[in-house]
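Just so you know, my numbering puts the end of the sequence shown at 172, numbered straight through with nothing missing.
Glycine included, every Cβ here is placed at the ideal spot set by N, Cα and C.
Okay, so here's the structure we're looking at.
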Amino acid sequence: MAKLRKFAAYQKLERPYTRISKYTKQNYVRGGFPHMKVIKFDMGSPEKEYDTVIKLNVCKSMNIRHNALESARLVSNRFLEKSLGKNFHLRVRVYPFHVLRENPLASGAGADRMSTGMKKSYGKSISSAARMKEGQAVLELRINKEHFKIGKEALSRSAKKLPCSCKVVAN
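See below:
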């Protein structure tokens, strides 16, 4: 399996590079949109009425990769299903639209004949990330008041899976 490049290369919020053209059909990210791990954005029972909303907010503006979002979602969903059954509604509030690219540079014997160096260095799309601003909610959990402690614990567990410090906020 291909190894992921360290996320330090993609952490900072920079201007997203997408193709801009005066013709609408030619506005796109070259190389297509890569496979995304986050499949479900709503878990539990969204149709029920709940009286408490708890959010997981990021404390720093940055990109969060799709596999970190999926990991955070899985941890909190598993914990909530074990303890509450289906008596909750967990929602992933962000979508990883930002395409991350990599210009793979060859190393080793004969690499100089294979690679083009920094010529044609646009790179291939390898992953996607959500662009987060400080104080923005990543996850939102709706539960009843008697399960408040369980909900807070679930979100604090998922905060450990994200690459930045997060704050659990109750409304």
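- By the criterion of at least three beta-carbon pairs nearer than 8 angstroms, the region 83–101 is in contact with the region 121–134.
- Spanning the alpha carbons of residue 61 and residue 80 requires a straight line of approximately 26 angstroms.
- Checking the DSSP bridge columns, you'll see residue 143 partnered with 54 and 90.
- For the pair residue 167 and residue 110, the Cα-to-Cα distance works out to about 45 angstroms.
- Between the region 43–54 and the region 9–23, the count of Cβ pairs shorter than 8 angstroms is below three; the stretches do not touch.
- According to DSSP, residue 40 shares a beta bridge with no other residue.
- For residue 160, the closest of 38, 4 and 72 by C-alpha to C-alpha distance is 72.
- Straight-line spacing of the CA atoms in residue 114 and residue 108 works out to 11 angstroms.
- Residue 45 is bridged by DSSP to 90.
- With contacts defined by Cβ atoms closer than 8 angstroms, residue 46 and residue 90 form a contacting pair.
- With respect to the 8 angstroms criterion, residue 123 and residue 31 are classified as neighbours on the basis of their beta carbons.
- Per DSSP, the unbroken alpha helix (DSSP H) holding residue 157 starts and ends at 149–160.
- Within the same chain, 67, 97 and 129 come within 8 angstroms of residue 37 by CB-CB distance, once the 5 residues on both sides are set aside.
- Straight-line measurement puts the Cα of residue 105 at about 12 angstroms from the Cα of residue 4.
- Taking C-alpha positions only, residue 41 is separated from residue 139 by approximately 14 angstroms.
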